[in-house]
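Numbering (our numbering), first residue to last: 16 to 228. Note that beta-carbon positions come from the ideal geometry of N, C-alpha and C, so glycine has one too.
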């Protein structure tokens with residue numbers, strides 16, 4: 016299972032004109048933080064030079080927030096997961112995919128507290144996740160492929176920052192989230208239990224068995 020980070024662009028403005036005859040005075044680029052290549056462009060100003068205009072950086076917490084920004088015409092370009100990107104297209108927002116910046120293999124991870132050693136240990140536990148995100152679907156897939164009893168898991172929809180706060184209050188036992196929030200959970204006594212890349216391994220294993228390899 017591959018989850019991708021996608022670059023989306025709003026359609027209908029000057030940027031939709033392939034001739035680039037007119038350069039916008041400002042381009043609003045949304046980012047979520049963490050260890051993304053896009054952050055290098057923010058740090059060294061290279062995107063401003065490449066676009067030949069001023070870039071206004073707008074931070075968001077989750078792909079759902081970025082979609083709301085697109086819907087209210089508050090941003091022009093955003094870099095986020097494939098699930099919210101698909102949701103935006105299904106909602107018929109005026110956006111299009113212009114590139115894939117990477118595959119989410121180790122970016123999204125399940126972080127657990129003491130006593131949670133493997134994915135099966137989340138049964139009987141409270142697990143936070145960002146709703147309507149690739150992390151949510153990865154968590155659901157992990158529960159399914161590992162044949163966990165979903166009824167024994169308390170799943171709590173939380174924005175990434177809310178998840179960190181809930182973790183520190185002791186309201187959750189584990190959280191499936193991306194950087195830099197996953198690192199914050201680790202810094203507060205957590206450890207990695209599962210990562211989205213583990214789903215890829217399971218998918219390849221199942222495919223090999225199916226093919227008789």
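Checklist entry - Mind checking whether residue 92 and residue 142 have CB atoms under 9 Å apart? => result no
Item to check | Assumed close pair residue 126, residue 190 - CB separation to whole angstroms, cut-off 8 Å | outcome: 6 Å
Item to check | Three-state class that DSSP yields for residue 265 in the structure shown | outcome: As displayed, the chain neither begins before 16 nor continues past 228, which places residue 265 out of reach and without an answer.
Checklist entry - How many angstroms separate the CA atom of residue 65 from the CA atom of residue 166? => result Separation of residue 65 and residue 166 (C-alpha to C-alpha, rounded to the nearest whole angstrom) is 51 Å.
Item to check | Closest by C-alpha distance to residue 170, when choosing among 152, 176, 73, 184 | outcome: 152
Checklist entry - Residues in its own chain within less than 8 Å of residue 148 by CB, not counting five upstream and five downstream? => result 77, 78, 79, 96, 98, 99
Checklist entry - Can you pull the DSSP bridge partners for residue 171? => result 143
Checklist entry - Just the Cα atoms here: how many angstroms apart are residue 164 and residue 132? => result 17 Å
Checklist entry - Quick one: Cα of residue 197 to Cα of residue 113, how far? => result 28 Å
Next on the checklist: Just list the residues that DSSP pairs residue 127 with in beta bridges.
Outcome noted: 189, 206
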